[in-house]
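For the sequence shown, this note's numbering assigns the number 1 to the initial residue and increments by one for each residue that follows. Beta carbons: idealized from backbone N, C-alpha and C, even for Gly. As the structure is a prediction and not an experimental result, all values here were calculated from the model.
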Amino acid sequence: MTRTLLVVAMALLVGACATRGGAVPQPFPRPGRNTTAARAVPDARRHADAYAITSTALDLRGTPFVYAGASPRGFDCSGFTWYVFQQHGVTLPRVAKDQYRTGRRVDPDQIIAGDLLFFTTVAPGASHVALAIGGDAFVHAPSERGQVRVERLGSSYWSKRFLGARRIVDAAP
1 MTRTLLVVAM ALLVGACATR GGAVPQPFPR PGRNTTAARA VPDARRHADA
51 YAITSTALDL RGTPFVYAGA SPRGFDCSGF TWYVFQQHGV TLPRVAKDQY
101 RTGRRVDPDQ IIAGDLLFFT TVAPGASHVA LAIGGDAFVH APSERGQVRV
151 ERLGSSYWSK RFLGARRIVD AAP
């Protein structure tokens, strides 16, 4: 009898904790629910995309330069940025000069991770493109003798050739 009473008391105690207030745990976010938290997800997702994009780009370091390349077997500069954004559902034009007309212009002091950086190298206008990864650093597929690597915008070579930056993926406010 004492044992039965103890089991019943434990069951009531455990059951009371699980059902207090009638709340049932739900996955977040629930489709079709219009809550403040669910509305915040798109802004957070756009912000996360920039970091996911830069992470994908950094994972490709060491990939060789291949003229007209746009796959992990080898990249040229615009094939690299095209491929990286494509992995995240963002379609860019394939050529650097066309990528330069995409997105929003960004002031040099407002560059953030995920922005595209453009340079004048082999021809006037946007002839080279890279991906900002934060601070002064960017990742890109440079020249026929190179491989995907990280460099500094402030270096003497790149700073003289910097043309501008474009924002493709919005950051959270």
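- By the criterion of at least three beta-carbon pairs nearer than 8 Å, the stretch 96-106 is not in contact with the stretch 48-61.
- Considering only G114, G135, P124, the residue with the shortest C-alpha distance to R166 is G114.
- Nearest in C-alpha terms to V84, of all of V122, A130, F162, V106, is A130.
- The continuous stretches of alpha helix (DSSP H) do not include R167, which lies in the beta strand (DSSP E) extending over residues 162-167.
- Boundaries cannot be given for V148, as no beta strand (DSSP E) includes it and DSSP labels it neither H nor E.
- Following the DSSP letters along the chain, one finds V90 in no alpha helix (DSSP H), marked with neither H nor E.
- Taking C-alpha positions only, V90 is separated from S156 by approximately 32 Å.
- When secondary structure is reduced to three states using DSSP, V84 falls in the helix class.
- Within the stretch 112-158, the complete beta strand (DSSP E) segments at least 3 residues long are 116-119, 128-134, 137-140, 149-152, listed from N- to C-terminus.
- Around E144, the same chain offers F65, Y67 as residues with beta carbons nearer than 8 Å, after the five sequence neighbours per side are excluded.
- Per DSSP, Y51 is one residue of the alpha helix (DSSP H) stretching across 36-59.
- Distance check between T81 and each of R152, H140, G164 places H140 closest, using alpha-carbon atoms only.
- Secondary structure note for R73: it is in no beta strand (DSSP E), with a DSSP letter that is neither H nor E.
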